[in-house]
Each structure stands twice: as structure tokens, then as C-alpha cells.
Amino acid sequence: MAFPRHRPRRLRTTPAMRRLVAQTTLEPRHLVLPMFVADGLQEPRAIGSMPGVVQHTRDSLRRAAAEAVAAGVGGLMLFGVPKEEDKDATGSAGVDPEGILNLALRDLARDLGQDTVLMADTCLDEFTDHGHCGVIDAMGRVDNDLTNRRYIEMALVQANSGAHVVSPSGMMDGQVAAIRDGLDAAGHTDTAILAYAAKFASAFYGPFREAVGSSLQGDRRTYQQDPGNAREALHEVELDLDEGADIVMVKPAMSYLDVLRRTADLSPVPVAAYQVSGEYSMITAAAERGWIDLRPAVLESVSGIRRAGADIVLTYWAADVARWLS
Ligand code: PBG
């Protein structure tokens with residue numbers, strides 16, 4: 050045995066000793082809160098499969114965002130939910146400066162200024178009537194390059210609306226380079242790109258589809274990754290780094306901690322992980338049944354994601370955890 054005299058329990062004897070030797074830190078600034086804002090709502094609307102998470106009105110979003118920022122979260126990630134009748138084949142409501150996501154970005158940019166990092170989901174699925182993350186060609190396939198052109202438009206409107214970070218989540222090839230070029234050409238050289246670099250075709254996005262009222266029939270397996278493919282995930286990360294990603298993300302988090310660790314080992318830029326809707330719902334549901342204790346389970350899950358290599362964790366518990374930690 051390498052260290053025959055070593056008794057690890059000595060360093061676990063008191064809370065002070067455990068604090069002294071703790072390796073993984075979890076602070077509010079590490080956390081980003083994903084938020085939903087819906088067009089045409091009079092009141093915030095509960096999301097049945099995500100108890101505690103709502104679709105916000107513009108006003109309730111402003112209040113909740115201010116509270117989360119006051120609690121110390123590192124940033125906010127906004128998703129827009131258009132009215133059903135405003136969805137179309139190319140996701141026009143997403144590129145409309147008067148669309149709900151862009152209006153909400155302007156609200157929060159005005160309210161919060163430089164006090165937080167405002168991030169926007171740069172993807173079409175919330176805005177298309179078919180629910181896919183891109184534009185569909187004559188054969189019914191998601192057209193990669195036409196979609197990228199739409200992402201550029203979307204990113205520009207988001208940057209103009211006050212987003213500090215745009216976040217392409219559609220897994221089109223070349224999306225980061227396309228958006229970087231588009232932003233730079235328009236003078237938005239300071240707008241950062243958080244790339245959903247390794248995003249898997251996951252069953253754990255189920256509740257999110259309710260959260261954004263997704264119209265998707267079928268699946269996203271022609272653009273999101275096969276859950277078993279780790280080498281391909283690292284290749285996706287490298288491609289996004291080459292294309293100019295400022296932050297790379299792995300998603301979901303808990304079933305992909307190995308991919309997260311390996312991404313953190315190779316990435317020269319900060320690494321994020323997204324604890325997605327289904328991860329939130331699982332823990333919430335078990336806690337509601339009294340099967341697990343919510344707070345320690347959440348802290349353990351988020352700390353575990355940090356330990357595996359995430360600098361930044363997107364989690365629907367961001368504001369709660371920030372409050373628990375203070
Ligand atoms: C796509 C997008 C999705 C999520 C974030 N961005 C849905 C999908 O890919 O189907 C999922 C987030 C979650 O499940 O919490 N715009």
C-alpha cells in the first residue's frame with residue numbers, strides 16, 4: 050500500500066477540518082439561471098412537469114431576474130415562447146426585434162445593465178411551427194447552411210437587444226463560425242458566444258418541450274449527438290473552439306460527466322454544463338414524494354457537476370442555490 054500510515058478520517062473529524070480540506074467550491078457566481086418568457090400571458094404560467102419553474106410575463110420576468118441577480122447568480126439564460134399563431138416554418142418570431150425574446154432582452158438590459166451577464170438561446174425550435182431547431186428543405190430535412198444564415202440574423206437581433214452572450218444550441222455544423230463572422234461584420238466584436246458544443250439527443254429534455262410549448266413531432270437525432278458517442282463529443286468541442294467559441298458547454302450534465310471532465314481537460318476557454326429540465330424534474334419529483342431530501346440532493350448534484358469540470362453550471366435551481374449558499 051502506498052501510504053500505510055494514512056488514515057483519511059482524521060481530516061473529516063470536524064466541520065472546520067472538512068471546510069479546510071474541501072476541494073470543490075460552489076458559489077452563486079458559478080450559476081446561470083435559465084428563464085422562460087412567454088408572449089401574450091397575463092399571469093406567469095406554471096410548467097406542470099417542472100414544479101417551481103414558470104413561463105414568465107415580461108413583468109414577472111423582470112422581477113424574478115432582479116431577484117436572481119440580487120441573490121448573486123452569475124448570469125441569466127433567456128428562452129422566448131411565442132404565441133402559437135406567430136410560429137412559422139422559419140421561426141420568424143425569433144428574429145423579429147419586437148418578438149418576445151428580444152423585447153425581454155431589452156427589458157433586462159435596461160433594468161440590469163452590467164450587473165449581470167445576459168445570455169440568449171440562439172435557436173429556432175421555440176419559434177418554428179414544426180418545432181425543429183432549423184429550417185426544413187424540400188426533402189423534409191433540416192438544412193444546415195440555410196439554418197446558419199437564420200442563426201446569424203437571430204444573433205444580431207439578440208446582440209442589438211442587449212444580449213452579452215449568444216448561445217447557439219441547434220448543433221448545426223459551422224454555427225459558431227457563422228455567428229462569429231456575422232457579429233464581427235456588424236461591429237458586435239464584444240458579444241460572446243456560448244457554444245452548446247456537445248449536445249446530446251436526450252430524453253432529459255422532455256419537460257423543456259412543455260416549458261416552451263414545442264411543436265416537435267419526432268426527434269432531433271440528425272443534429273443532436275448520439276448519447277453513446279464520447280469521441281465525437283470531443284471533436285464537436287474542438288470544432289467549436291476552432292470556430293471561435295468563448296465558452297463551450299456540455300449538455301445534459303449528469304449523464305455526461307465523463308464528457309464534461311474530458312472537455313474541461315482540453316478546453317482553453319471556460320466550460321459550462323447544463324443541468325437540464327429532466328434532471329430538475331427527476332430530483333424535484335423524488336423530493337415531492339419524500340424519497341430524497343431536496344436541498345442536499347440539489348447541492349450534491351450541482352457540486353458534482355462542478356467537480357467533473359464545469360466552471361459554470363446552468364441550472365433551474367440557480368437562484369435557490371444562490372440563496373441557500375448565502
Ligand atoms: C434548444 C434547446 C433545448 C434545451 C435548451 N435549448 C431543447 C432541445 O434541444 O430539445 C433543453 C433545455 C432543458 O431541457 O432544460 N433550443
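Residue numbers 50 to 375, in this note's numbering, belong to the letters of the sequence shown in order. The beta carbon of each residue, even a glycine, is placed where N, CA and C say it ideally should be. Just so you know, these numbers come straight off a predicted model, no measurement behind them.
Query	Result
Please return the same chain residues whose Cβ sits closer than 6 angstroms to the Cβ of Asp275, not counting the five positions on each side in sequence.	none
Is there contact between the stretch 294-305 and the stretch 235-250, where contact requires at least three CB pairs shorter than 8 angstroms?	yes
Report yes if the C-beta distance between Pro256 and Gly327 is below 8 angstroms; otherwise report no.	yes
Could you spell out where the beta strand (DSSP E) holding Tyr323 opens and where it closes?	320-323
Select from Ile296, Ile354, Ala158, Met203 the residue whose C-alpha is nearest the C-alpha of Glu175.	Met203
Using a threshold of 8 angstroms, state whether the C-beta atoms of Pro319 and Ile354 are closer than that.	no
Whole angstroms is fine: what's the gap from Ala250's alpha carbon to Ala282's?	12 angstroms
For Leu80 and Ala346, which I take to be in contact (beta-carbon distance under 8 angstroms), what is that distance rounded to the nearest angstrom?	The pair is not a contact, with the Cβ atoms about 16 angstroms apart (cut-off 8 angstroms).
Do Val130 and Leu110 have their C-beta atoms within less than 8 angstroms of each other?	no
Assuming Gln104 and Arg112 are in contact, meaning their beta carbons sit under 8 angstroms apart, how far apart are those beta carbons, in whole angstroms?	Between Arg112 and Gln104 the Cβ distance is about 14 angstroms, and since that is not below 8 angstroms, they are no contact.
Taking contact to mean 3 or more Cβ pairs, one atom from each stretch, closer than 8 angstroms, check whether the stretch 210-230 and the stretch 264-279 are in contact.	yes
Considering Phe85, what are the terminal residues of the beta strand (DSSP E) in which it resides?	80-87
List the endpoints of the continuous beta strand (DSSP E) containing Ala246.	241-248
Answer with buried or exposed for His284, where buried requires no fewer than 16 other C-beta atoms within 10 angstroms of its C-beta.	exposed
Using three-state DSSP, classify Ile228 as helix, strand or coil.	helix
Nearest by alpha-carbon distance to Ser98: which of Ile332, Leu82, Thr165, Ala138 is it?	Ile332
Where does the unbroken beta strand (DSSP E) through Ser216 begin, and where does it stop?	214-217
Just checking, does the stretch 201-215 make contact with the stretch 233-240 on the three C-beta pairs under 8 angstroms criterion?	yes
Within this structure, are the beta carbons of Glu259 and Ile149 separated by less than 8 angstroms?	no
Say yes only if the C-beta of Glu175 is nearer than 7 angstroms to one or more non-hydrogen atoms of ligand 1, and no if none qualify.	yes
Using only CA atoms, which one of Arg59, Glu134, Ile361 lies nearest to Val70?	Arg59
I need the DSSP call for Asp137, collapsed to helix, strand or coil.	strand
Give the list of continuous alpha helix (DSSP H) stretches no shorter than 4 residues that lie fully inside the stretch 144-172.	149-161
Could you say if the stretch 159-177 and the stretch 130-140 meet the contact criterion of at least three C-beta pairs nearer than 8 angstroms?	yes
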